[in-house]
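By numbering that gives the first Met the number 0, the letter at position 301 of the sequence shown is numbered 300, and the numbering carries on one by one without gaps. Every residue gets a Cβ at the ideal spot worked out from N, C-alpha and C, and that includes glycine. Model, not experiment: these values are computed from the prediction. First up is the structure itself, then whatever we jot down about it.
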Amino acid sequence: MTQSRWVFSAHSPENIKRAAAILQKGGTVAFPTETVYGLGANALDPKAVFKIFEIKKRPTFDPLIVHAASMREAFLLCSEVPEIARTLAKKFWPGALTLVLPKKQIIPDLVTSGLSTVAVRVPNHPVALELIHRARRPLAAPSANPFGRTSPTSAEHVWNDLGEAVDMILDGGSTSIGVESTVLQIQGDQGILLRPGGVTLEELRKIIPVSTVTPKELESSEGILSPGLLKSHYAPNTPLYLVKDSFKETLKWLEGKNNEFKRLGKPWPRIGALCFGQAPKSPLISALVNLSPKKDIRKAASELFQAMRKLDKMEVDLIVAFPVPEMGMGAAVMDRLRKASAGKNNLKPFFE
Ligand code: AMP
Ligand code: MG
């Protein structure tokens, strides 16, 4: 861990107290949650919230999630709470489910990007809960990384990404889930999935009918606009290609290309592979990170962002990511991979 005057152990109650005091004074604190590290500020103070947008270089059209310490406190921020929202909250809070509900006026427009709804959740992490409780304020807290880049799953990631721009970083170890919360808009007695995440669609559908929206529909329907579903997001610095083919098929294709390169005397690029399940080593691949050799999708989710960062550090020329089954947490992993690839799924142009 990089030692600095900004990173403090979250295990010390003194440090949590200090962090809470910073938040009360309108400062920013990065803290662990069960999903990813959040960059928190008092959600009721527009000046404090503005600092989040500045630090992250996040466009103000992208609304923030407000974190509360209990269901009661979360729903106090909403002007209407349908029964189904209470049922979901009772089942999944504290946890990785964000509910989008009509907002009360006390929520600044900056938090919700002018929308009439607010996204709320109760995180399932002792440090996050204690911090919100001590600050006595709900916290707006997006992921603690520059906008559009890979999310942080450790305090070290936050330090590397944001450094001294944050007033304080609380180090509570690595996050357990490793991808962001599921964002669900509640409309009547139905749910609309705005972002897949830590709570799976299958789990939600046991309780509520949930429809999904395509990015196109999202653009055209103002009422449920969720700009966090931008096409490019979570991206490592290295170009990432999310291929459609299996590891074996891709390797075969690469072998063909490699022969061609040899004939032409062209240098072979450094390839980083982001795999899931069986993936034998190959001399054509310079770095291989396996999200879960045993095909455990929850493990893969928890490793995903760390793996992208690892490959970035290895200074490969491109990252080739392989698809994971799109079931359960696999939906969130594929969503992040798709956005990190920004639609790049064909290796051909890179090898031309
Ligand atoms: P982040 O804080 O980066 O985890 O992202 C939060 C995401 O939640 C945003 O990018 C939006 O997609 C979504 N979101 C937050 N507030 C709202 C809202 N009021 N309506 C719809 N989506 C929202
Ligand atoms: Mg984010």
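Following the continuous alpha helix (DSSP H) through residue i, name the residue where it begins and the one where it ends.
i: Val370; result: Absent from the model: residue 370. The displayed extent of the chain is 0 to 351, so no value can be given.
i: Asn258; result: Phe246 to Leu263
i: His66; result: Note, His66: premise wrong, no alpha helix (DSSP H); beta strand (DSSP E) at Ile64 to His66.
i: Asp108; result: Asp108 to Thr111
i: Val48; result: Pro45 to Lys55
i: Asp417; result: Given that the chain is displayed from residue 0 to residue 351, the structure contains no residue 417 and the question cannot be resolved.
Rounding to the nearest angstrom, what Cα-Cα distance links residue i and residue j in this structure?
i: Ala234; j: Glu79; result: 36 Å
i: Ala272; j: Val315; result: 10 Å
i: Leu241; j: Ser281; result: 19 Å
i: Gln189; j: Val209; result: 6 Å
i: Arg262; j: Leu346; result: 19 Å
i: Arg337; j: Gly276; result: 19 Å
i: Arg135; j: Val319; result: 45 Å
i: Pro195; j: Asn144; result: 19 Å
i: Trp92; j: Glu163; result: 32 Å
i: Trp267; j: Asn257; result: 7 Å
i: Ile207; j: Val119; result: 18 Å
i: Phe52; j: Thr27; result: 11 Å
i: Ala286; j: Lys294; result: 19 Å
i: Leu200; j: Leu250; result: 33 Å
i: Glu351; j: Ile284; result: 18 Å
i: Ser173; j: Thr32; result: 9 Å
i: Asp44; j: Ala339; result: 32 Å
i: Leu100; j: Ala88; result: 12 Å
i: Ala67; j: Tyr36; result: 15 Å
Specify, as a first and last residue, the run of the beta strand (DSSP E) that residue i falls within.
i: Pro151; result: Here Pro151 belongs to no beta strand (DSSP E), and DSSP marks it neither H nor E.
i: Ser210; result: Val209 to Thr211
i: Val182; result: Thr181 to Gln186
i: Arg120; result: Thr116 to Arg120
i: Met167; result: Met167 to Asp170
Under the assumption that residue i contacts residue j (Cβ atoms under 8 Å), give the Cβ distance between them as a whole number of angstroms.
i: Thr149; j: Met307; result: 5 Å
i: Pro141; j: Lys50; result: Going by Cβ atoms, the distance from Pro141 to Lys50 rounds to 12 Å, so no, they are not a contact pair.
i: Leu128; j: Pro137; result: Not confirmed; about 12 Å, so no contact.
i: Leu130; j: Ala18; result: 6 Å
Mapping the DSSP letters down to three states, classify residue i as helix, strand or coil.
i: Gln277; result: coil
i: Val6; result: strand
i: Val288; result: strand
i: Gly177; result: coil
i: Arg194; result: strand
i: Pro101; result: strand
i: Leu239; result: strand
i: Gly162; result: helix
i: Ser301; result: helix
i: Phe349; result: helix
i: Ile296; result: helix
i: Leu420; result: There is simply no residue 420 to check, as the chain begins at 0 and stops at 351 in what is shown.
i: Val157; result: helix
Who are residue i's beta bridge partners in DSSP?
i: Phe30; result: Gly37
i: Ser142; result: Gly37
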